[in-house]
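Q: First residue of the sequence shown? That's 50 in my numbering, and the numbers climb one at a time after it.
Built from N, CA and C at the ideal position, the CB exists for glycine as well.
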Amino acid sequence: MIRRQLTEDIRQINQSTEGPKNRSFFLVFLFFSFFAFLYSVFLPLFSVLCYAQAWQELKGDHFIVYYEKQDERFAKDALRHSEHYYNDIASDLGYVRYSGFWQWDKRVKVFIYPSQDSFLKATGQPSWSVGNANYDTKQIMGFTGSDEFINSILAHEIAHLIFRDFVGFKGEVPLWLDEGVAQWQERPKRQLVKFFVRSLMKDGKLMKLKDLTAMDVRKVPGADEAKNFYIQAASLVGFMIEEHGPGKFADFCRQLRDGKSLDDALRFAYPAQMRDLGELEEKWLKYVSGIKVTVQRRSGDVMQTISYK
Ligand SMILES: [Zn+2]
């Protein structure tokens, strides 16, 4: 098809150009553009097709895992964890009745690349990345052998996907809510979130909820400020779910999905407890001040036990 179009172009140029100099210039130009075109269009397509030939697949109820033959054990582990996270997250967020969402042709695709290098090349992620998700295509990408992918990234990205499936992209959904939901689902981090948020309060570093809501963490230059954002976001969502239950949290999210403002959604879901952002902040601060948590931290060679009682 392309070759025929190219021949046609050359014929037309031959007819319209005068003199051999012009003609050979155009031919050389076309020759190089043709290969540049082939390179830019077909090379990425070719690499995807090459991978597609090598992929094996494992199908679960809500996920299909793609992997290369030698990574079967890791792929099975990834599928088992994904299905487990799916059920946990849906019930944590109060979305159980929507569990038919991801079945059959709507299953999420998880790609396990054979190395970090091939994962980075295929996704274009920065060199430190160990996982990635695409919400439009409902795909999650990682590479074989990464514990962090199995233990954290899968839960985090599945939580983002379930949350976005539920609330959509139209309503007034603050970033702290979206990231908080995903962070909170990395279960091993929950105790740390409690510890760090209590420490932020003790050090007078908690941000005002109004500022947190207006903040776009992707544009924050300081690492400390970004870290504080994630801790507070996870703690707020944890507070809403643990203290007031997944049912109310689902009601709150449903109101946002239907276009209500943050204050109106809060008033609807928590009419007796927190009727606007100010009251949410007030109740959450009270909860943080009462957190009792003990964590083990390594300081140099020494393990320290730190408690808030
Ligand atoms: Zn996230």
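Is Glu331 near ligand 1, with its Cβ less than 6 Å from a heavy atom?
A: Checking the Cβ of Glu331 against ligand 1 gives no.
Q: Whole-angstrom Cβ separation of Lys158 and Tyr115, contact assumed at under 8 Å?
A: About 6 Å separates the two Cβ atoms, so the contact holds.
Q: My understanding is that Phe168 touches Phe150, with C-beta atoms under 8 Å, so please give their C-beta distance in whole angstroms.
A: Actually they do not touch by this definition, with Cβ atoms about 27 Å apart.
Q: My output table needs one value for Leu107: the three-state DSSP class, helix, strand or coil.
A: Leu107 falls in the strand class under three-state DSSP.
Q: I'd like the ranges of any alpha helix (DSSP H) spanning at least 4 consecutive residues and lying wholly in the region 307-341.
A: Fully enclosed alpha helix (DSSP H) runs of 4 or longer: 311-318 and 326-338.
Q: I need the boundaries of the beta strand (DSSP E) containing Lys158, first residue and last residue.
A: Note, Lys158: beta strand (DSSP E), Val157 to Tyr162.
Q: Quick check: the Cα distance between Met352 and Arg346, rounded to an integer number of angstroms?
A: Distance between the alpha carbons of Met352 and Arg346 is about 6 Å.
Q: Within 6 Å: the Cβ of Ala231 and any heavy atom of ligand 1?
A: Indeed, a heavy atom of ligand 1 lies less than 6 Å from the Cβ.
Q: For the 8 Å Cβ check, are there 3 or more pairs between the region 230-249 and the region 203-216?
A: Enough Cβ pairs lie closer than 8 Å, so yes.
Q: When the Cα atoms are used, what is the spatial distance from Trp177 to Gln234?
A: Whole-angstrom Cα-Cα distance: 22 Å.
Q: Of all the options Gly220, Lys243 and Phe160, which has the alpha carbon lying nearest to the alpha carbon of Ile355?
A: Of Gly220, Lys243 and Phe160, the residue nearest in Cα terms is Lys243.
Q: Please state if the CB of Val286 and the CB of Phe278 are separated by a distance shorter than 7 Å.
A: No, they are not a contact pair.
Q: I'd like to check one pair, Ile202 with Gly180: are the Cβ atoms closer than 7 Å?
A: Cβ distance < 7 Å, so Gly180 and Ile202 count as in contact.
Q: For Ser48, list the residues DSSP reports as bridge partners.
A: Nothing about residue 48 can be reported from this structure: the residues present for the chain run from 50 to 358 only.
Q: By the 10 Å Cβ neighbour count, where 16 or more other Cβ atoms means buried, how is Val145 classified, buried or exposed?
A: Val145 comes out exposed.
Q: Does Gln119 come out as helix, strand or coil in the three-state DSSP assignment?
A: If DSSP states are grouped into helix, strand and coil, Gln119 belongs with the helices.
Q: Just the Cα atoms here: how many angstroms apart are Ser348 and Glu117?
A: Going by the C-alpha atoms only, they are around 41 Å apart.
Q: Tell me the rounded alpha-carbon separation between Val344 and Val337.
A: Roughly 16 Å between the two C-alpha positions.
Q: Can you tell which of Ser248, Asn200, Phe288 and Met264 has its C-alpha closest to the C-alpha of Phe123?
A: Among Ser248, Asn200, Phe288 and Met264, the Cα nearest to that of Phe123 belongs to Asn200.
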